[in-house]
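**Q** There's a structure below that I have some questions on.
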Ligand SMILES: Cc1cc2nc3c(=O)[nH]c(=O)nc-3n(C[C@H](O)[C@H](O)[C@H](O)COP(=O)(O)O)c2cc1C
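In structure tokens form, the structure reads like this:
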């Protein structure tokens, strides 16, 4: 009773939501992806830098180019999912900082003039946004199948050769199909995770 979120929403987003390995044929529309983004864009990042960039892989030709770089165990489900999203971190995010953090436009040069600092910040903050995105997919009544099992250098070369961004996760999206998951795996207990000083 300590949570403000109603029980049905808790189930939808967390308790009953699962990582899906199979999907039905039902397509995922542009409108659904837009609704997901319009919700999760409000979740926080440092300096409001918002470095996540999403590539929707819709054409069969692009799907083939991606599947080739997935690890063996991830290939079939990535080939079959109704929609696949490549979630990336934009290391050039600082160009947009004056718009996103207008009360301190100098942050762009004070904190992010060096590329290694930008890459560190964007990789961390875009990874947070990957988590938000997964929960957003669930909020749309869909299931996500996030994967980090792929050749990241090859995916970067294949899709982002001319941009300063790198892939963080590939996410299959759709309505769960037959035998979409195995039994729920255990989670750590509160006391194993949380300590107090
Ligand atoms: C960042 C990330 C990367 C993952 N990579 C893979 C992967 O490459 N292949 C795979 O089959 N599952 C992958 N998973 C799925 C996890 O194993 C799964 O989400 C976790 O066991 C929890 O499952 P549940 O949501 O059904 O409880 C990944 C999950 C996340 C969040």
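Numbering (my numbering), first residue to last: 1287 to 1483.
For glycine and all other residues, C-beta sits at the position ideal for the given N, C-alpha and C.
Quick caveat, the model's predicted, so the values are computed rather than measured.
1) Do you know how far the Cα of residue 1338 is from the Cα of residue 1381?
2) For residue 1292, name the three-state secondary structure that DSSP assigns.
3) So what does DSSP say about residue 1458, is it helix, strand or coil?
4) Would you grab the beta carbon distance between residue 1430 and residue 1305 for me? Rounded to a whole angstrom, and I think it's under 8 angstroms.
5) Which residue comes first and which comes last in the beta strand (DSSP E) that contains residue 1339?
6) In angstroms with no decimal places, state the Cα-to-Cα distance between residue 1432 and residue 1390.
7) So the candidates are 1379, 1365 and 1347; which of them puts its Cα closest to the Cα of residue 1452?
8) Kindly examine ligand 1 and report whether one of its heavy atoms sits closer than 7 angstroms to the Cβ of residue 1411.
9) If we cut at 8 angstroms on Cβ distances, does residue 1349 have a partner in chain C?
10) For residue 1414 and residue 1331, which I take to be in contact (beta-carbon distance under 8 angstroms), what is that distance rounded to the nearest angstrom?
11) Should the stretch 1437–1453 be regarded as contacting the stretch 1463–1473, the criterion being three or more beta carbon pairs within less than 8 angstroms?
12) Beta carbon of residue 1442: closer than 7 angstroms to some heavy atom of ligand 1?
13) Would the stretch 1292–1304 count as touching the stretch 1419–1426 if we require 3 or more Cβ pairs under 8 angstroms?
14) Does any heavy atom of ligand 1 sit closer than 7 angstroms to the C-beta of residue 1542?
15) Below 8 angstroms between beta carbons: does that hold for residue 1334 and residue 1387?
16) Cutting at 8 angstroms between CB atoms, please list the residues of its own chain near residue 1364, excluding the five before and the five after it.
**A** Checking against the coordinates, here is how it stands:
1) When rounded, the distance between both Cα atoms is 14 angstroms.
2) Collapsing the DSSP output to three states places residue 1292 in coil.
3) Note: residue 1458 maps to strand in three-state DSSP.
4) In this structure, residue 1430 and residue 1305 form a Cβ contact; the two beta carbons are roughly 7 angstroms apart against a cut-off of 8 angstroms.
5) For residue 1339, the uninterrupted beta strand (DSSP E) run begins and ends at 1338–1343, by DSSP.
6) Between residue 1432 and residue 1390, the C-alpha separation is close to 35 angstroms.
7) Taking only the C-alpha atoms, the option nearest residue 1452 is 1379.
8) No.
9) No chain C is present in this structure, which holds just one protein chain.
10) About 6 angstroms; that satisfies the 8 angstroms criterion.
11) Taking 8 angstroms as the limit for Cβ pairs, the verdict is that the stretch 1463–1473 does not touch the stretch 1437–1453.
12) False, no ligand heavy atom lies under 7 angstroms from that Cβ.
13) Counting Cβ pairs under 8 angstroms, three or more are found: they touch.
14) As displayed, the chain neither begins before 1287 nor continues past 1483, which places residue 1542 out of reach and without an answer.
15) Yes, these two residues count as a Cβ contact at 8 angstroms.
16) Excluding residues within five positions, the ones whose Cβ falls inside 8 angstroms are 1349, 1352, 1353, 1356, 1370, 1433, 1456 and 1458.
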